[in-house]
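In this text, residue positions in the sequence shown follow the numbering used here: the first is 309, and each later residue adds one.
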Amino acid sequence: MLKRLTMAGVLALGLGTGAALAEPAKVMIPANPGGGWDGAGRHTMAVFAQSKVFTDGASFTNKGGAAGTIGLAEFVRTAKGDDNALLVTGVIMVGGVITNQTPVSLKDTTPLLRLTNEYNAIAVPANSPIKTPADFIAALKADPGAVSVGGGSAGGADHVMLALLAKHAGAPVAKINFVAFSGGEILAALGGGKIKAAISGASEFRPFAESGRIRIIAVSGPTRVEGLNAPTLKEAGIPVEIGNWRGFVGAPGMSDGAKKTWLDRFAKLHATKEWKETLKTQGWEDAYLPGEAFDAFLKSEEANWTSALKDVGILK
């Protein structure tokens, strides 16, 4: 927790009220190492240091499972009032809270900002007979249960995307074979042929695709991803577009001064050349949305995802 100064001490340091003191950030990553949330948390903190916007360091705790809600519950329980505690969050957690009907939610944290968006990709093992989006749709139509598809936790963007693809194929959503993974294990399962396909962020698949262990057959955005030889689903005549945003929230009871300090830090980070280069190299879209606008966005996301999960038959 941040140490408190008297007003005289604050003014003497020239910091003004509400400035956080020099302490490392404590970052909760609600997934196992190697996945999209892990990359978002660690890359962001690395760029803070590289750009010299925030140079006091960071410690990381990985707590995976249940669409990030296990890490969320741990964060809410242990970080209350800690002005330096941050949680990586995103659309998967929004869906997980709804699907799992958890007793804690993002309403129990201090919303800070949405930072990035990343469109999904469909990947298959390098020797898979599925070579195109049309092949994938045909396989789902023929026998959805035989097509084991890995992704993030149940109720997240990956799961919803598979359900939307099944609906397009005319296959019953109740029969899809979605295999949930937490973190980077999905890459080993896909590369080893333990699953027939996988859906996740394009940046997560890129290194394995470049090494030839897997093939990316489609991306879910409005345009192709630079550097990937893969069509969009819409190019292939499949009307599915879905993205995966990520951002940060603060601890329950974070002080107003610390919230302002972190928002100021993120605003400075967002303007740096180092961050712009990271967006490019990771294949992330700039989805910067801070403060009250992010708070309102979270409220709308809860309503939108409740509707989407019901529409595809994941939520009854």
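Backbone N, C-alpha and C define an ideal beta-carbon position, used for all residues, glycine too.
Residue i versus residue j: straight-line alpha-carbon distance, rounded
{"i": "Ala-366", "j": "Arg-514", "result": "27 Å"}
{"i": "Glu-610", "j": "Lys-415", "result": "11 Å"}
{"i": "Asp-346", "j": "Lys-388", "result": "22 Å"}
{"i": "Thr-531", "j": "Ala-538", "result": "10 Å"}
{"i": "Gln-590", "j": "Glu-426", "result": "9 Å"}
{"i": "Thr-410", "j": "Ala-374", "result": "10 Å"}
{"i": "Val-272", "j": "Gly-545", "result": "Residue 272 lies beyond the residue range present for the chain, which begins at 309 and ends at 624; the question has no answer from this structure."}
{"i": "Ala-327", "j": "Ser-615", "result": "With a pLDDT of 44 at Ala-327, under the threshold of 50, the modelled position of this residue cannot be trusted; read the value that follows with caution. The straight-line gap from Cα to Cα measures roughly 40 Å."}
{"i": "Gly-621", "j": "Asn-485", "result": "14 Å"}
{"i": "Val-355", "j": "Glu-585", "result": "10 Å"}
{"i": "Gly-499", "j": "Phe-489", "result": "14 Å"}
{"i": "Met-562", "j": "Lys-568", "result": "10 Å"}
{"i": "Ser-608", "j": "Val-361", "result": "31 Å"}
{"i": "Glu-582", "j": "Asp-364", "result": "18 Å"}
{"i": "Ala-357", "j": "Glu-331", "result": "13 Å"}
{"i": "Glu-543", "j": "Ile-525", "result": "12 Å"}
{"i": "Leu-380", "j": "Leu-473", "result": "29 Å"}
{"i": "Ala-333", "j": "Asp-603", "result": "22 Å"}
{"i": "Asp-390", "j": "Gly-565", "result": "12 Å"}
{"i": "Ser-287", "j": "Gly-349", "result": "It is not possible to answer for residue 287, since the shown part of the chain is limited to 309 through 624."}
8 Å Cβ cutoff met for residue i and residue j
{"i": "Pro-441", "j": "Leu-536", "result": "no"}
{"i": "Arg-521", "j": "Ala-434", "result": "yes"}
{"i": "Val-533", "j": "Pro-419", "result": "no"}
{"i": "Pro-338", "j": "Ile-378", "result": "yes"}
{"i": "Leu-394", "j": "Val-335", "result": "yes"}
{"i": "Ser-519", "j": "Ile-550", "result": "no"}
{"i": "Trp-553", "j": "Ala-506", "result": "no"}
{"i": "Thr-424", "j": "Trp-592", "result": "yes"}
{"i": "Arg-523", "j": "Val-432", "result": "yes"}
{"i": "Asp-466", "j": "Ser-508", "result": "yes"}
{"i": "Val-455", "j": "Lys-504", "result": "yes"}
{"i": "Gly-632", "j": "Ile-400", "result": "A question about residue 632 goes unanswered here, because the residues of the chain that appear run from 309 up to 624."}
Supposed contact pair residue j and residue i - C-beta distance, whole angstroms, cut 8 Å
{"i": "Leu-577", "j": "Leu-421", "result": "Incorrect: roughly 10 Å between the Cβ atoms, too far for contact."}
{"i": "Phe-605", "j": "Leu-597", "result": "6 Å"}
{"i": "Asn-340", "j": "Asn-370", "result": "6 Å"}
{"i": "Trp-397", "j": "Gly-555", "result": "The sequence given here places Thr at residue 397; Trp does not occur at that position. 6 Å between Cβ atoms; contact."}
Those residues which DSSP pairs with residue i across a bridge
{"i": "Tyr-427", "result": "Gly-551"}
{"i": "Glu-593", "result": "Asn-425"}
{"i": "Val-402", "result": "Bridge partners of Val-402: none, in fact."}
{"i": "Met-336", "result": "Thr-369 and Leu-395"}
{"i": "Ile-507", "result": "Ile-430"}
{"i": "Gly-459", "result": "Ala-488"}
{"i": "Val-527", "result": "Ala-429 and Thr-540"}
{"i": "Phe-556", "result": "Val-396 and Leu-421"}
Query raised in the report: Do the segment 459-466 and the segment 392-408 make contact, defined as three or more Cβ pairs closer than 8 Å?
Result: yes
Query raised in the report: On the three-pair Cβ rule with 8 Å, is the segment 468-485 touching the segment 436-452?
Result: yes
**Report entry** Stretch pair the segment 340-358 + the segment 500-519: three plus CB contacts closer than 8 Å
**Finding:** yes
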